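Following numbering that gives the first Met the number 0, the numbering of the sequence shown begins with 0 at its first residue and continues without gaps. Positions of the beta carbon are idealized from the N, C-alpha and C atoms, including for glycine. Fair warning: this is a prediction, and the values are worked out from it, not measured in the lab. Quick notes on the structure that follows.
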Amino acid sequence: MWKYYNPVEVVFGTGKLEELGQLMAERGMDRALIVSDPFTHRSGVAEQLKQYAGGRVLDIISEVEPNPTCDNVDACTARARAIGAQSIIALGGGSAMDCAKSTAAAAAMNCTGLELLRGKPITDALPIIAIPTTAGTGSEVGWGAVLSDHATNSKIAIFGSPMFPKLALVDPVLTYTVPPAVTASTGLDVIAHSLDAMCSVRANPVSDGLAVRAAKLAFENLEAAFRDGSDPVARERMAMASTIAGYAFSNTGTTGSHACSYLLTAKYRIPHGEACALTLDAWFRKDAAVRPVLHVLSRMMGFADANAAADRVAELKRITGMRTTLTTMGVPDTREAFDELVTNAAASGNMTNDICGATQEDIASILEALR
Ligand code: ZN
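Listed below in structure tokens is the structure:
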């Protein structure tokens, strides 16, 4: 038995942002609040979108922090209520998307960010248009949002069908100004979403097809986008890869590489994609032994087998200057710090979602080789 479901409409194309007003009108969307981050706001994109929306955007909130907290969600929800927002435009990278989706739910359900984080079922949300500025998270076609609790160093993913955006508007132009280090980290995250989707217990023929297409695009274009951010072809293909990978893992979830990343991000402040990339190649090798079709899928991506695909992941990390050891990521060389990483990964739902059925010892041996 397998199933696949994703209701998100996508409009993709260079220059498509300019049609925002018309796209909103066609879908009956009005009175929008743009939820964004300070970096995106400074670039002037939010203001420009407001112009393109032709009066359908009431206000812009731009204070979303990296790894948004419940307080961020509550501030955005209060603004949405104050202006009588009837729709939300999520503009930015993963953090803005996460905060905007949570805000859409909290505003419609009249609840707080903390209630969502503690598992309140998400039964309603204001309609969302998701506009990604990185290639990236794939969150524009997903139904999840990650909220952080700095007090406990935890990141918690919440899910709800109402948080599927009504429309994903993907315009590669927005990624032209992304600096090389962020291009590398977010691009490796795209590869991690694709490969993780293939390693999931919920992988299925539809998600595999999407994941292969996304991975091939990212493998072939990340290096070019990293070396020359103004290369329109590489940028367009990375944006495409990101959204397609989003469709793949919206149904499979992510697996080992993501399970091992959360503490590195929450406690050691390593960017999400770089943290996932640390163990990505190791997990893909391990999973190929359990799910031999990964070799077939790797051949469809243009590699001899899954190990060659993993080799290319390792090579891309070197080329783009990602940190490849726990020490260089700032993890103290102590038993306590190491065990905490292992325990945290083992407790993650992403780990049990991985087809290889890794034990605590398996996780430790993968991390041990990366000290
Ligand atoms: Zn990710």
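Per DSSP, which residues does residue i bridge with? Please list them.
i: L168; result: V10
i: F158; result: G143
i: V34; result: I60 and A89
Can you find the residues in the same chain that come closer than 7 Å, C-beta to C-beta, to residue i, ignoring five residues on each side of it along the sequence?
i: T102; result: V34, V72, C75, T76, A79 and I87
i: A105; result: V72, T76, T111, G112 and L115
i: G20; result: Y51, A52, G53 and R55
i: R284; result: A305, N306 and A309
i: V205; result: Y3
i: Y267; result: M328, G329 and V330
i: A45; result: I33, S35, T39, I59, S61 and L90
i: T182; result: A224, F225 and G228
Residue i by DSSP, collapsed to three states: which one?
i: T251; result: helix
i: L146; result: strand
i: T358; result: coil
i: V189; result: helix
i: P131; result: strand
i: I121; result: coil
i: A153; result: This sequence places Ser at residue 153; Ala is not what is there. Strand.
i: D353; result: strand
i: S297; result: helix
i: S347; result: coil
i: V199; result: It is worth fixing the name first, because residue 199 is Ser in this sequence and not Val. Three-state result, S199: strand.
i: T68; result: strand
i: D304; result: coil
i: F283; result: helix
i: G208; result: helix
i: P270; result: coil
i: Y4; result: coil
i: G20; result: helix
i: L48; result: helix
i: A368; result: coil
i: P394; result: Because residue 394 is not part of the residues shown, which for the chain are 0 to 370, the question remains open.
i: A240; result: helix
i: P179; result: helix
i: S256; result: helix
i: R311; result: helix
Apart from the five residues just before and just after residue i, which ones in its own chain have a Cβ nearer than 6 Å to its Cβ?
i: A156; result: G143 and V145
i: D304; result: H294 and S297
i: S61; result: S35, P37 and H40
i: A202; result: T251
i: A345; result: Q359 and I362
i: L125; result: S86, I87, A103, A106 and A107
i: A233; result: N220, A223 and A224
Flag this pair as yes or no: are the beta carbons of residue i and residue j separated by less than 9 Å?
i: T136; j: D195; result: no
i: I127; j: L166; result: yes
i: I243; j: F218; result: no
i: I130; j: L16; result: yes
i: L168; j: V10; result: yes
i: E273; j: S193; result: no
i: T342; j: Q359; result: yes
i: V200; j: P164; result: no
i: F337; j: L366; result: yes
i: A281; j: L369; result: yes
i: V177; j: M300; result: no
i: P270; j: A180; result: yes
i: A258; j: S347; result: yes
i: T68; j: D123; result: no
i: L96; j: S138; result: According to the sequence provided, residue 96 is Met. The question's Leu does not apply to it. Yes, they are a contact pair.
i: D207; j: D286; result: no
Once the 5 residues before and after residue i are set aside, which same chain residues still bring their CB inside 8 Å of it?
i: T13; result: D170, P171, V172, P231 and E235
i: G356; result: V289
i: I121; result: A104, M108, L115, I157, F158, G159, S160, P161 and M162
i: E64; result: D36, N71 and S94
i: E8; result: K165, L166 and A167
i: S229; result: Y175
i: L340; result: C259, L262, L263, L325, V330 and L366
i: I318; result: E222 and F225
i: R311; result: F218 and F302
Our contact map puts residue i next to residue j with C-beta atoms below 8 Å; I'd like the distance itself, whole angstroms only.
i: T323; j: L277; result: 7 Å
i: T174; j: A223; result: Actually they are not in contact, since the Cβ atoms of T174 and A223 sit about 13 Å apart, beyond 8 Å.
i: S249; j: N5; result: 5 Å
i: A84; j: R30; result: 6 Å
i: L48; j: L90; result: 7 Å
i: A432; j: A134; result: Outside the modelled stretch of the chain, which goes from 0 to 370, sits residue 432, for which no answer is possible.
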